[in-house]
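Contents: one structure, followed by commentary.
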Amino acid sequence: MSPTPGDRVAILIPALNEERAIREVVLGALAVSARVIVIDDGSSDATAARIADLPVMLIRHPTPQGKGAGLRDGFRRALALGVDGVVTMDGDGQHLASDVPRLLAAARQYPQHIVIGARIRNREQQPPARRRANAVADWGISWGAGVAIADSQSGQRYYPRAVLALADLKAEDFVFEAALLITACRELGMGVVSVPIDSRYQPEFRRSHFRPVHDIARITWYTIKRILHYGHIFAAHRRATAQPPLVIDPPAHDAEALAEAR
113 MSPTPGDRVA
123 ILIPALNEER
133 AIREVVLGAL
143 AVSARVIVID
153 DGSSDATAAR
163 IADLPVMLIR
173 HPTPQGKGAG
183 LRDGFRRALA
193 LGVDGVVTMD
203 GDGQHLASDV
213 PRLLAAARQY
223 PQHIVIGARI
233 RNREQQPPAR
243 RRANAVADWG
253 ISWGAGVAIA
263 DSQSGQRYYP
273 RAVLALADLK
283 AEDFVFEAAL
293 LITACRELGM
303 GVVSVPIDSR
313 YQPEFRRSHF
323 RPVHDIARIT
333 WYTIKRILHY
343 GHIFAAHRRA
353 TAQPPLVIDP
363 PAHDAEALAE
373 AR
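Quick note: to get our numbering, add 112 to the position in the sequence shown (first position is 1).
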């Protein structure tokens, strides 16, 4: 089934203390999909209250459990709904729902692929330390997956239904997103395609929950273990570096097409 906002595709938004941005993020998501799942990961602020009147499916954790747990619970809810895939977006406002149709267009063009909204426009917006950490992660995760990947750390992604079934992967927090890429490519035969989106690190965004040194170290250790687990170490590296990452830039649907899809 071709993924479009009306074809059983849900938008999944993990959120932790996002009271400043969450309402705008959710309203944008609702403009392109009637199925929006928000996971409030034990927020201590008014995150849930800010969207209480909106028609979303809200999952609340009593205490913070990390992004991996949020995505895992969201995947399970999406599978129960019978969706064909999900688009994930962070709750801090750095991702735009207006880019979702472009991700879905790429998914239609490249079935059996994870689609990443790659922050390769306006890269100067990225803090230098974050840019360096992302480059290291791209290199390592591409090796682990055996596929060249652009912006392996972006939280805006389209996951086909087959990937949602990987919800029980033993990986937590931000490592879970790396685990999904590596496992989907290695064990499900998935590819990865990236769609350019803007890098958005405006001062009004709350401080990122991602800790470049700590989290990249955890992701790197996980990736090393998976590379050793799968074997054929140098062959995997050759596959990951033989071709540049697959990047396409499909046009967004116009408003009338979106309305029809819904």
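Where is the CB? At the ideal position from N, CA and C, for every residue including glycine.
So residue i is in the beta strand (DSSP E); what residue range does that whole segment cover?
i	result
A127	121–127
R172	169–173
I360	No beta strand (DSSP E) holds I360; DSSP gives it neither H nor E.
R269	269–272
I134	From DSSP, I134 is part of no beta strand (DSSP E) but of the alpha helix (DSSP H) over 134–142.
S203	The residue you asked about is not Ser; residue 203 is Gly in the sequence shown. Here G203 belongs to no beta strand (DSSP E), and DSSP marks it neither H nor E.
Quick one: residues in its chain with C-beta nearer than 8 angstroms to the C-beta of residue i, no 5 flanking neighbours on either side, listed in chain order?
i	result
D153	P126, A127, L128, H173, P176, Q177, G178, K179, A181, G182
G303	Y222, Q224, H225, I226, V259, C297, L358
D211	G229, Q268, V307, I309, A364
Inspect the beta-carbon positions of residue i and residue j and report whether they are closer than 8 angstroms.
i	j	result
D263	S306	yes
A190	L276	yes
I151	G205	no
S266	I228	yes
A283	A291	yes
A89	I328	Coverage of the chain is limited to positions 113 through 374, which leaves residue 89 absent and any answer about it impossible.
V138	L166	yes
S90	R188	Here the chain covers residues 113 to 374 and nothing more, so residue 90 does not appear.
G140	L193	no
Leaving out five residues on either side along the sequence, give the residues of the same chain with a beta carbon under 6 angstroms from the beta carbon of residue i.
i	result
R184	A279
Y342	R298
D285	G178, K179, G180
R147	A122
I171	I151, D185
Please list the terminal residues of the continuous alpha helix (DSSP H) segment that includes residue i.
i	result
A230	Where A230 is concerned, there is no enclosing alpha helix (DSSP H), although the beta strand (DSSP E) it sits in stretches over 225–233.
R259	First, the amino acid is wrong: residue 259 is Val here, not Arg. Premise fails: V259 is in no alpha helix (DSSP H) and is neither H nor E.
H349	345–354
G180	179–193
I294	287–300
A390	Beyond the ends of the chain as shown, which are 113 and 374, falls residue 390; an answer cannot be given.
R162	159–162
Using a Cβ-Cβ cut-off of 7 angstroms (strictly less than) and excluding sequence neighbours within five positions of residue i, which residues of its own chain qualify?
i	result
V287	G180, R330, I331, Y334
R338	G256, I294
T159	A127, N129, E130, E131, I134, D152
S156	N129
H349	W255
Just list the residues that DSSP pairs residue i with in beta bridges.
i	result
Y222	Y222 pairs with nothing; no bridge assigned.
V90	With the chain running from 113 to 374 in the structure shown, residue 90 is simply not present.
V150	I125, L170
Worksheet item: Using 8 angstroms as the Cβ pair cut-off and three pairs as the minimum, do the region 268–285 and the region 214–225 touch?
Response: yes
Discussion item. Across the region 129–139 and the region 192–200, are there enough close Cβ pairs to call them in contact, namely three or more that are closer than 8 angstroms?
Written reply: no
Worksheet item: Do the region 252–263 and the region 342–358 touch if we need at least three Cβ pairs shorter than 8 angstroms?
Response: yes
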